[in-house]
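Q:
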Amino acid sequence: MMRMVLTPPVVLVHEFITGGGWPGETLPMDLAAEGRAMLQAVLADFRAWDAVHTVTTLDYRLDGTQLPADRIITLRPEEEYEQSLFRLVTKSDAALIIAPESSGILARLSALVERAGIPLLGAGSAAVAIAADKWACYRRFVQAALPTPPTWLVSSTDAPAVAKRVGFPLVIKPVDGVGCEGVGLVTDVPSLGLALEHSTFEGNGFLLQRYVAGTHASVSLLVTAQGTQPLSLNGQMIAVGERFVYRGGIVPLQHPQRARAVDVARQAVSLIPGLRGYVGVDLVLTDAESYLIEVNPRLTTSYVGLRQVINFNLAEAIWLACQKNVLPPKVTLTGQVSFRKEKFKEKLNGSS
Numbered sequence: 030m031m032r033m034v035l036t037p038p039v040v041l042v043h044e045f046i047t048g049g050g051w052p053g054e055t056l057p058m059d060l061a062a063e064g065r066a067m068l069q070a071v072l073a074d075f076r077a078w079d080a081v082h083t084v085t086t087l088d089y090r091l092d093g094t095q096l097p098a099d100r101i102i103t104l105r106p107e108e109e110y111e112q113s114l115f116r117l118v119t120k121s122d123a124a125l126i127i128a129p130e131s132s133g134i135l136a137r138l139s140a141l142v143e144r145a146g147i148p149l150l151g152a153g154s155a156a157v158a159i160a161a162d163k164w165a166c167y168r169r170f171v172q173a174a175l176p177t178p179p180t181w182l183v184s185s186t187d188a189p190a191v192a193k194r195v196g197f198p199l200v201i202k203p204v205d206g207v208g209c210e211g212v213g214l215v216t217d218v219p220s221l222g223l224a225l226e227h228s229t230f231e232g233n234g235f236l237l238q239r240y241v242a243g244t245h246a247s248v249s250l251l252v253t254a255q256g257t258q259p260l261s262l263n264g265q266m267i268a269v270g271e272r273f274v275y276r277g278g279i280v281p282l283q284h285p286q287r288a289r290a291v292d293v294a295r296q297a298v299s300l301i302p303g304l305r306g307y308v309g310v311d312l313v314l315t316d317a318e319s320y321l322i323e324v325n326p327r328l329t330t331s332y333v334g335l336r337q338v339i340n341f342n343l344a345e346a347i348w349l350a351c352q353k354n355v356l357p358p359k360v361t362l363t364g365q366v367s368f369r370k371e372k373f374k375e376k377l378n379g380s381s
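For what it's worth, the numbering used here labels the leading residue of the sequence shown as 30, then goes sequentially.
1) I need the straight-line Cα distance from L349 to V355, nearest angstrom please.
2) With E130 and A160 assumed to form a contact (beta carbons below 8 Å), what rounded beta-carbon distance in angstroms separates them?
3) From this set, K202, S367, E54, which residue's C-alpha is nearest F273's C-alpha?
4) In its own chain, which residues sit with a C-beta less than 6 Å from the C-beta of D88, not counting the 5 before and 5 after it?
5) Tell me the DSSP secondary structure of H245 in three-state form.
6) Could you check whether the region 312-325 touches the region 133-150, counting it as contact only if at least three pairs of C-beta atoms, one from each stretch, sit closer than 8 Å?
7) Quick test of your reading: A128 and L135, contact by CB under 8 Å. State the CB separation rounded to the nearest angstrom.
8) Could you check where the beta strand (DSSP E) with A268 kicks off and where it finishes?
9) So, F373 versus R76, is the Cβ gap smaller than 8 Å?
10) With DSSP as the reference, please indicate the residues paired to R144 in a beta bridge.
11) If you draw a straight line from the alpha carbon of E271 to that of L141, how long is it in whole angstroms?
12) Do R169 and L300 come within 8 Å of each other at the CB atom, strictly closer than that value?
13) Are the beta-carbon atoms belonging to G153 and R305 less than 8 Å from one another?
14) Which partner residues does H82 have in the DSSP bridge list?
15) Quick check on this structure: which residue in S113, E63, T253 has the alpha carbon closest to the alpha carbon of P357?
16) Quick one: grab the DSSP three-state call for G100.
17) Measure how close the beta-carbons of S247 and D292 come, nearest whole angstrom, since I'm counting them as under 8 Å.
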């Protein structure tokens, strides 16, 4: 009697910036370094799980020999990016997209996967679009009475008048930016003017947000249609100044606000229907409160550290959350790890 050989599911793991999606002549090194680090980590976890066949894409300017994927497809500038990606998606059984929310990129790529009728190992495009709009999220946070810094939607024209009325210091940020991109501290009208002058994010306007001094942190969670499982409280190394600069992270973060931060993050996630898989929630922690900043509907850089201290395979957990609506029964973190973006950049430079 012949035995049937089952073919493992094919998972397309696509990172936008280093995977052929970036249209510019040069790759943005900060975002590319973080993207490559996340891609490398999740591919390594899928390989360790050994239950799926992974396919990933690569920008023609980069070396992919260190990527632990079963198949690597180089995308070249003469090819139409989204058509090429769509073809790969249709040949896959599931897709995990790592991309910035800014300019609608993550929402657009998530919608592309949905059009192909292939399961997403992550949030649906509608949920991504809500999470990417920081003003829409802020209004939801306020309506739900969650702690969040007072925020005002402004244009470059009315920003100075609003700032003078509400008072400094303020954080200025784009409505749909990613990470620290376009985020800065302004302490008076002249510094606000400089921030507006140098910004490339006029698009949907800007947000002015009351500056809260505290510990920059995030909560990593797994989300299914039935529930949410917090995984860790993470520290973020952010240099605060005219430009916020993300330096790296610590997993897990020990802080008196841990329980409160996790509770606030869980509530924030519940306000955005359609979030699935791995989600990150950014906060600022003071001695008295955990202030909600934003929801990231995707893999975050903290994944790189979390996978080293958690008691199960994170890629497998994402698959089970999205495909089976199953959450891990118990989360245990052992030890503490830190990581720095400069190290990511060194590794990326070595592959270009």
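By construction, the Cβ of each residue, glycine as well, lies at the ideal position given by its N, Cα and C atoms. In this text, all values refer to a predicted model and were calculated from it rather than measured experimentally.
A: According to the structure data:
1) If I take the Cα positions, the gap works out to 5 Å.
2) Contact holds; Cβ gap of about 7 Å.
3) In terms of Cα proximity to F273, the closest of K202, S367, E54 is K202.
4) Excluding positions up to five away in sequence, the list reads T47, G49.
5) In the displayed model, H245 falls within a strand according to three-state DSSP.
6) Counting C-beta pairs closer than 8 Å gives fewer than three between the region 312-325 and the region 133-150, which falls short of the contact rule.
7) With 8 Å as the limit, A128 and L135 qualify as a contact, their Cβ atoms being about 4 Å apart.
8) 257-268 is the span of the beta strand (DSSP E), which, as asked, contains A268.
9) Not in contact: F373 and R76 (Cβ atoms no closer than 8 Å).
10) DSSP, once it has assigned bridges, lists no residue as partnering R144.
11) The alpha-carbon atoms of E271 and L141 are separated by roughly 37 Å.
12) Yes, the pair counts as a contact, with Cβ atoms nearer than the cut-off.
13) Pairing G153 with R305 gives a Cβ-Cβ distance under 8 Å.
14) H82 has V39 as its beta-bridge partners, per DSSP.
15) Checked all of S113, E63, T253; the closest Cα to P357 is T253.
16) One point to set straight first is that residue 100 is Arg, not Gly, in the sequence displayed. Of the three classes helix, strand and coil, the one that applies to R100 here is strand, per DSSP.
17) Incorrect: roughly 15 Å between the Cβ atoms, too far for contact.
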